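Protein chains in written order, with the numbering used here: chain A, 105 to 461; chain B, 105 to 461; chain C, 105 to 461; chain D, 105 to 461; chain E, 105 to 461. Positions of the beta carbon are idealized from the N, C-alpha and C atoms, including for glycine. This structure is a prediction, so every number in the text was calculated from the model and none was measured. Notes to accompany the following structure.
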Amino acid sequence: MLKSSARLKAFGRRNKQIGLAPGSVVYSGEFTNEPISIDLFRVEADVASYERAVTLDTALDVTQNELRWIDVFGIHNTRIIRRFGDAFQIHNLTLEDIVNPEHRAKVEVFDDYLYVVLRMLWLKDGVLEDEQLSFILQDGLVMSFQERQDDIFDPIRQRLTATPTRFYDGGAGYLLYSLIDIVVDTYLLVLDHYDMQLEALEDTIVSAPRRHTLDRITTLRRDLITLRRALKPLTSMMHSLINANSGFLNEGTKAFLRDVSDHTNEASDRLEALREQLSNLHELYVTNLSIKMNEVMQVLTVISTIFIPLSFLVGVYGMNFAVMPELTWDWGYFVLWAFMLTIAVVMLVMFRKNDWL
Amino acid sequence: MLKSSARLKAFGRRNKQIGLAPGSVVYSGEFTNEPISIDLFRVEADVASYERAVTLDTALDVTQNELRWIDVFGIHNTRIIRRFGDAFQIHNLTLEDIVNPEHRAKVEVFDDYLYVVLRMLWLKDGVLEDEQLSFILQDGLVMSFQERQDDIFDPIRQRLTATPTRFYDGGAGYLLYSLIDIVVDTYLLVLDHYDMQLEALEDTIVSAPRRHTLDRITTLRRDLITLRRALKPLTSMMHSLINANSGFLNEGTKAFLRDVSDHTNEASDRLEALREQLSNLHELYVTNLSIKMNEVMQVLTVISTIFIPLSFLVGVYGMNFAVMPELTWDWGYFVLWAFMLTIAVVMLVMFRKNDWL
Amino acid sequence: MLKSSARLKAFGRRNKQIGLAPGSVVYSGEFTNEPISIDLFRVEADVASYERAVTLDTALDVTQNELRWIDVFGIHNTRIIRRFGDAFQIHNLTLEDIVNPEHRAKVEVFDDYLYVVLRMLWLKDGVLEDEQLSFILQDGLVMSFQERQDDIFDPIRQRLTATPTRFYDGGAGYLLYSLIDIVVDTYLLVLDHYDMQLEALEDTIVSAPRRHTLDRITTLRRDLITLRRALKPLTSMMHSLINANSGFLNEGTKAFLRDVSDHTNEASDRLEALREQLSNLHELYVTNLSIKMNEVMQVLTVISTIFIPLSFLVGVYGMNFAVMPELTWDWGYFVLWAFMLTIAVVMLVMFRKNDWL
Amino acid sequence: MLKSSARLKAFGRRNKQIGLAPGSVVYSGEFTNEPISIDLFRVEADVASYERAVTLDTALDVTQNELRWIDVFGIHNTRIIRRFGDAFQIHNLTLEDIVNPEHRAKVEVFDDYLYVVLRMLWLKDGVLEDEQLSFILQDGLVMSFQERQDDIFDPIRQRLTATPTRFYDGGAGYLLYSLIDIVVDTYLLVLDHYDMQLEALEDTIVSAPRRHTLDRITTLRRDLITLRRALKPLTSMMHSLINANSGFLNEGTKAFLRDVSDHTNEASDRLEALREQLSNLHELYVTNLSIKMNEVMQVLTVISTIFIPLSFLVGVYGMNFAVMPELTWDWGYFVLWAFMLTIAVVMLVMFRKNDWL
Amino acid sequence: MLKSSARLKAFGRRNKQIGLAPGSVVYSGEFTNEPISIDLFRVEADVASYERAVTLDTALDVTQNELRWIDVFGIHNTRIIRRFGDAFQIHNLTLEDIVNPEHRAKVEVFDDYLYVVLRMLWLKDGVLEDEQLSFILQDGLVMSFQERQDDIFDPIRQRLTATPTRFYDGGAGYLLYSLIDIVVDTYLLVLDHYDMQLEALEDTIVSAPRRHTLDRITTLRRDLITLRRALKPLTSMMHSLINANSGFLNEGTKAFLRDVSDHTNEASDRLEALREQLSNLHELYVTNLSIKMNEVMQVLTVISTIFIPLSFLVGVYGMNFAVMPELTWDWGYFVLWAFMLTIAVVMLVMFRKNDWL
């Protein structure tokens with residue numbers, strides 16, 4: 105868990121150089137020296153071709169009458185990003201957004217293209233991964249910019265290969281929708297994951313809370329804060345996208361996007377429910393601590409209250425006064441025992457009545 | 105209670121296959137192998153006929169000039185659902201919504217029909233049941249899709265048989281209204297149930313709180329979170345339904361729906377009041393714990409404060425020093441008792457004054 | 105207090121029969137067999153006549169050119185209510201609302217009349233009473249429907265008798281305004297009552313908190329929740345009433361209603377302030393508990409810390425070892441006393457320095 | 105402090121007679137028998153005349169071409185207030201508002217005048233005072249109605265005398281603005297006061313919290329609730345005033361009022377910050393209590409844990425069994441001391457390691 | 105940290121003279137006797153000249169066809185500020201705002217200029233500094249008014265010198281944008297700083313919480329309140345600026361400002377996340393205290409519960425009764441030891457089972 109949290113925490117922290125000219129395309133993410141890699145999908149009527157790691161020139165080569173998806177992994181090489189900008193008339197401010205991996209989800213409508221940025225969150229071997237995802241939509245072209253090779257788009261790649269006609273007919277807008285749809289579906293999977301984590305946490309708290317449990321609550325709270333920071337702007341971004349006045353999205357695509365927006369709202373509702381539940385679990389944990397403390401104190405009090413007076417009594421008859429009549433009585437010792445037992449029994453009955461035992 | 109919670113928790117969790125093409129009509133609920141069953145109500149002027157478990161062909165057979173209610177139990181057989189889609193021109197996205205049993209309440213207006221989805225919550229032998237309910241409204245036709253055989257529509261079935269004319273005159277919109285009305289009324293019954301649960305809980309906390317009480321609070325909190333997730337979208341769904349620009353709902357029906365909307369708002373208000381009350385009860389419980397802890401500590405402190413100094417004193421006269429003048433005094437023992445009694449009485453008076461006894 | 109709470113709690117709970125046809129005029133309140141009673145006020149120019157317990161026929165008899173107030177006590181006899189509905193063209197849905205005594209405050213504009221429903225809250229011998237109040241406004245006619253004989257309208261009755269001209273000139277709208285005004289003023293009185301209760305509570309908590317105090321806080325919290333449920337919809341109801349597009353309310357009346365709306369907003373503000381104050385008082389109470397616990401623990405700790413080491417010392421010299429040199433010293437006993445006193449004094453000084461005494 | 109709180113608490117409590125006819129000009133504040141006093145300011149071009157305690161007739165005497173400020177102290181003599189109403193065509197509802205000293209801040213636009221009501225809060229010898237302030241604005245005339253002689257307008261009176269031309273040119277609107285401006289500036293002073301109180305409170309809590317501190321927090325909380333009730337409607341009142349469609353306020357004056365509105369918003373922001381800070385201070389105080397409790401308990405536990413086992417040991421060798429071999433050993437006593445010292449040292453080391461010392 | 109807090113706390117406190125005429129240009133900040141200093145930047149086509157500490161006359165000298173940035177340090181000399189007002193037709197109310205260093209961020213559109221005021225927050229040697237910053241935008245002219253010499257604009261100065269053409273082409277609007285941009289970027293840096301502080305705090309709380317930790321939380325809370333007071337109005341100010349209907353901002357500049365607005369919203373989101381995280385950390389800290397208290401109490405209880413009964417037993421056999429049969433048994437002493445060991449072992453097993461060890 106710690107590993108995922110560590111990654112999550114970084115989201116929002118920036119190395120940004122203060123005072124750069126606007127539209128300065130300067131990478132502000134963590135340093136990496138992986139090379140940038142570009143995948144290219146071409147769909148022409150019912151034929152789809154998929155080339156991995158194409159050269160920049162191949163990617164930039166524009167041929168008519170086809171649907172293309174240029175999938176760029178790595179945004180730290182700003183020289184290459186700028187080449188894309190030149191080739192496809194992308195505004196410098198957009199390029200700057202693409203290479204700064206800490207943006208809130210948003211949509212921007214330009215004359216030449218539509219720009220969408222959002223965060224992709226997914227689970228990899230039970231560890232949460234996240235990165236920024238930028239899309240450029242033009243006629244017949246979707247460009248996606250990701251930070252690393254790893255992603256969640258394999259099902260789309262398979263469907264593109266299996267049913268190219270559908271995508272060809274739907275156009276670039278439909279492809280963009282499919283990509284966003286899978287991102288949002290993955291959010292729901294991540295929420296399922298946390299749902300189960302919370303259930304497990306509740307079981308732990310109810311049955312056997314430990315100190316470690318508190319760290320667990322803390323980690324989960326931080327994760328949910330991060331999830332919320334990613335999800336909240338997404339909801340309004342989807343709203344903007346559906347209402348965007350752009351020629352690159354037709355009504356058919358918008359109908360599909362409305363469906364995605366339903367899922368985003370659902371995710372938002374569920375996240376709020378999770379947050380509330382976690383907060384309740386913390387309260388439950390604290391209340392459990394109080395209950396346990398009460399039990400501990402009751403045990404201490406019962407033992408002390410019974411034995412401290414008795415110890416006083418036996419102390420009395422341990423004194424060495426010359427004149428202590430009771431000590432000489434034949435039955436003194438046994439009478440004292442009887443008396444002490446009576447006291448103990450009376451006290452136990454009283455504790456029982458007060459519900460302390 | 106646990107059983108109902110277990111069911112409730114499942115709401116929102118999905119087995120959805122990530123990356124499916126949009127409009128993929130794939131069932132995502134829990135696995136079941138009950139057969140799908142279809143009930144058919146036909147109303148022609150003042151005659152109503154009710155057939156249970158009709159064949160698919162009977163259900164799909166369209167005859168003019170009558171009001172029909174096709175009531176489908178089971179949504180896991182997507183082949184059958186698709187048959188309905190083909191027969192009544194229902195969009196694939198709608199079919200996908202029908203077979204995914206975890207949707208937020210919503211209304212969608214299509215040219216050929218009106219689609220309404222909401223959650224049905226009811227109590228069965230004191231246990232809360234819930235499932236998704238989809239309605240398709242067309243001219244002279246209401247289709248309802250439920251997950252299981254069990255439902256809350258028997259009063260409507262009786263009224264349909266008893267006063268068919270009223271439904272025939274009101275048309276399909278009126279029938280839809282009647283079905284939604286009963287769903288919302290059942291929400292109010294469920295809230296009554298929780299209202300009584302909270303009253304019982306308050307009595308328990310005030311009179312005899314136990315550890316078990318905390319689990320009860322936790323369970324109720326989770327249930328109210330789930331209720332809220334079902335109820336919150338319902339409120340805005342009713343608003344959309346009343347303002348829906350659809351030819352399938354006339355003004356008369358909308359007047360009735362406004363009445364339902366009043367009830368939904370009322371339910372929403374009451375739910376918020378319940379949530380606040382439960383949160384207050386938790387605080388009450390915790391404060392009660394503190395009060396009890398204080399009482400326990402006071403007892404411990406009173407006993408300790410009186411007897412620890414006295415035990416010290418008797419310890420002193422239990423020492424074996426060769427020279428201890430007091431031990432040889434004739435009245436030493438009795439003087440000491442008098443002294444100790446004085447101390448004890450003074451302390452008791454002081455505790456009484458400080459309101460500790 | 106408990107009695108008022110018991111009554112308040114009932115608000116919102118219903119015996120409603122699920123699945124009734126809409127507009128089914130079926131009483132859903134608590135069972136009663138008091139007969140329905142009707143009061144009738146007639147104002148003709150400067151003459152007002154007041155008849156108690158008139159017959160239904162008298163009430164329904166329509167004569168021109170006068171202002172009438174038909175005041176109906178009891179809503180459980182639905183046959184009589186339906187008679188009113190027939191005589192004055194009142195929609196079945198409205199009749200249904202009138203006889204279901206758990207509605208949120210609302211206004212409904214019909215062609216033939218204006219319908220207003222709200223809750224009347226008042227103090228009777230220090231006990232809070234509440235019931236539903238429905239008004240039907242037509243030209244020259246106000247009908248009011250109350251649950252029981254008891255109400256708060258006596259000042260209006262006196263003014264009607266004393267200055268009939270004013271009401272005659274103002275018309276039915278002015279009469280309706282006067283009735284609503286007095287209802288809202290009574291809310292302010294109820295808030296005053298709770299204001300004083302909270303002040304008394306604060307005095308108790310600051311001076312002498314007891315276990316009973318917590319029950320008091322709980323009761324008050326529940327009452328304020330109920331007050332809020334009654335008051336919140338009233339605020340928006342007043343807004344609707346002022347903006348209602350109905351011929352039965354003229355501009356002059358609306359100016360008066362704006363004044364009532366000011367009071368409703370004021371009541372709403374004050375209620376929020378009361379709720380916040382009560383929540384602060386609970387925190388205060390809990391903090392006081394903690395302070396008291398701290399004091400108790402400090403006493404215990406001071407006593408224990410001083411005497412436990414001393415008891416150990418006297419225990420040492422109570423041992424029966426054959427060789428214990430100190431025991432044989434002539435001044436051993438007195439040296440030990442001096443040593444123990446020194447320890448005790450040093451400890452007391454340290455406690456004083458740490459602010460524990 | 106208590107004195108100021110006592111006054112503040114009264115705000116909102118009313119003696120209002122229920123069921124009065126609307127526009128009944130009946131004083132509902134606290135009883136007083138101070139006489140009403142009227143000050144009159146007249147500005148003609150560059151000459152200002154100031155008369156204290158003029159007669160009613162002088163005040164009501166209307167002369168053309170001058171700017172007048174009629175400043176009325178005391179609102180309990182409703183006969184006099186009604187005289188003003190008659191002389192200046194003031195609506196009865198407005199007069200009713202003027203004499204009921206518990207109104208939320210609001211603006212009302214009438215054909216003949218503009219009515220503004222707000223609360224004046226100020227510090228007098230460190231004690232908070234508050235009263236209601238009503239303004240009537242007409243052409244060339246500002247009337248102000250205050251509860252008592254005491255007020256905050258002396259700087260305005262001096263400026264009126266010193267620079268009458270400025271006011272004469274600005275007209276009545278400018279004078280009204282000046283009066284409201286000083287009221288809002290005084291709010292900011294009051295906030296400064298509470299700002300310093302909170303700083304002092306924080307110092308107390310951090311350095312030397314005492315039981316008394318809690319009362320301080322309680323008092324401050326109640327004061328801030330009252331401040332908020334006065335300030336919240338003021339913000340929206342200023343908004344209404346700026347947007348008021350009234351001939352008595354020209355654009356120049358509105359520019360000035362926008363400036364006042366900025367200050368009101370600033371005051372509102374600062375109040376929220378104060379409230380949050382106070383709530384944090386309470387949490388800080390409670391946490392400090394917990395820390396202190398922990399320290400106390402640790403001391404108790406350390407002392408008990410070391411000495412209770414040792415006391416047991418010395419108890420053992422105080423027993424009187426006939427056969428107890430150790431007692432007869434020559435070095436028994438010294439060996440036991442060594443053993444006990446070892447135990448004590450080991451325990452101290454363990455406590456140190458667990459960070460308990 | 106304390107130093108920064110001290111400075112921050114001052115923000116919002118004012119020495120304002122109550123009752124001044126509006127537009128009274130009277131400095132209300134802290135007293136200072138630093139002289140006012142003016143820097144002047146002139147850009148003519150591709151040549152930029154930078155003069156430090158120019159005379160007032162130089163600054164006020166207007167030459168055509170160039171872009172100027174007049175950067176004024178010090179606002180306490182109101183005579184000089186008034187000279188600017190006269191030279192550039194600035195309204196008195198604006199001048200008053202410039203010299204009162206406690207304003208909320210806002211934009212005001214005048215015919216002759218655009219006025220922007222906001223707060224500049226930055227870190228200097230790890231200590232937070234803040235001051236008010238006012239901008240006047242006219243054709244070819246940006247005037248900035250700062251409180252002190254120190255600022256964050258050096259990167260802009262360097263870029264002005266390095267690439268004057270870009271600024272010359274962009275005009276005064278572009279320069280204003282650049283200055284605001286750097287202010288907002290610095291907010292993000294400040295948030296990064298607090299992000300790291302919170303991480304360090306969390307590490308401290310999880311590993312080794314101390315009393316000092318609570319002071320840290322308190323300081324951070326107060327700082328975040330202050331940050332929020334500066335940031336909240338900034339968000340709406342940016343919104344106003346983008347929608348400002350002013351000829352001094354062209355569409356190109358507004359596109360850049362929208363980018364800044366994105367960053368402001370991002371900062372706002374992050375601040376809310378920080379606030380929530382800090383609040384969670386406080387809860388974590390308090391819960392940790394409870395856990396530690398529980399541990400302490402368990403140790404005390406275990407020790408007491410084992411040894412108090414045993415001490416009682418050895419006390420019994422320390423009594424001096426004449427007849428105590430056990431004392432005379434040969435094996436009495438050893439049997440007692442065996443019995444006591446058994447009791448101790450049984451208790452330890454029970455504690456282990458109850459999870460207390």
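Listed along chain E, the residues sitting closer than 8 Å to D/M401 by beta-carbon distance are M397, V400, M401 and L404.
C-alpha of C/D285 to C-alpha of C/Y298: approximately 20 Å in a straight line.
Under a criterion of Cβ atoms nearer than 8 Å, the residues of chain E adjacent to A/P126 are, in order, Y281, S282, D285, F360 and D363.
Think of a sphere of 7 Å around the beta carbon of C/L414: the chain B residues whose beta carbon falls inside it are F416, in chain order. Counting only Cβ-Cβ distances below 8 Å, A/D319 has contacts in chain E at V310, in chain order. A direct Cα-to-Cα measurement between A/T357 and E/I240 gives close to 46 Å. Counting the other CB atoms within 10 Å of its CB gives D/T265 a total below 16, which places it among the exposed residues. The alpha-carbon separation between A/N196 and A/V213 amounts to approximately 14 Å.
B/R320 is not bridged by DSSP to any residue.
Interface criterion met: the Cβ of E/S394 is under 8 Å from a Cβ in chain A. In the DSSP assignment, C/V158 falls outside any alpha helix (DSSP H), carrying neither H nor E. Distance from the CA atom of E/V439 to the CA atom of B/E430, rounded to whole angstroms, is 35 Å.
A residue is called buried when at least 16 other Cβ atoms come within 10 angstroms of its Cβ; D/L324 meets this threshold and is buried. Taking all protein chains in view, the Cβ of B/M224 is crowded by 16 or more other Cβ atoms within 10 Å, so the residue is classified as buried. Against chain A, the beta carbon of E/M428 has neighbours under 7 Å at Y437, listed in chain order. Selection D/L279, D/D289 and D/T308 evaluated against D/E170 yields D/L279 as nearest (Cα-Cα).
Within chain E, no residue has its beta carbon less than 9 Å from that of D/F239; the closest one is some 17 Å off. Contact of D/H180 with chain C is not assigned, every C-beta pair being separated by 8 Å or more. In this structure, C/P337 lies away from C/R146, with their beta-carbon atoms at least 8 Å apart. Under the three-state reduction of DSSP, C/V231 is assigned to strand. Look at the beta carbons and you see the segment 338-348 of chain E not touching the segment 291-307 of chain A: under three pairs across the two are nearer than 8 Å. In this structure, B/L375 sits away from B/R320, with a CB-CB distance that is not shorter than 8 Å. In this structure, the straight-line span from the alpha carbon of D/V453 to that of D/M300 is close to 46 Å.
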